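Here the sequence shown is numbered in full-length UniProt numbering, starting from 1 and rising by one per residue. Glycine included, C-beta positions come from ideal geometry on N, C-alpha and C. This one's a predicted model, so the numbers in the text were calculated from it and none came from an experiment.
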Amino acid sequence: MGQASALVEIISATVGAWLVTQITIVLPYALAFAAGAMVFVCVEELIPNSQNNGYSEVATMAFMLGFAIMMTLDVALG
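The following block contains the structure:
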């Protein structure tokens with residue numbers, strides 16, 4: 001019975017794919033909103049929680065390394 005909950009994902013993916021093809025004018029704004037929401041979650045939740053458990057130096061170095069990799073890939077892949 002638990003597998004039936006996955007049917008919603010198929011329907012939502014189909015509707016989402018159709019919407020992307022129909023509303024191309026709004027798509028950049030929607031993606032910018034989603035990116036802003038992700039930045040907000042990182043700043044408000046993930047970064048403060050990573051500094052509280054005693055591994056703040058490791059968490060900071062991992063954050064900086066991940067950011068450097070992300071920027072390198074952004075520049076390299078355009």
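Taking residue 48 as reference, the option from 36, 35 and 63 with the minimal CA-CA separation is 63.
No residue range can be given for residue 52, since it is assigned to no alpha helix (DSSP H) and is classified by DSSP as neither H nor E. Residue 25 sits in coil when the DSSP states are folded into three classes, being neither helix nor strand.
Residue 55 and residue 65 have their alpha carbons spaced roughly 15 Å apart. The three-state reading of DSSP puts residue 16 in helix, counting H, G and I together.
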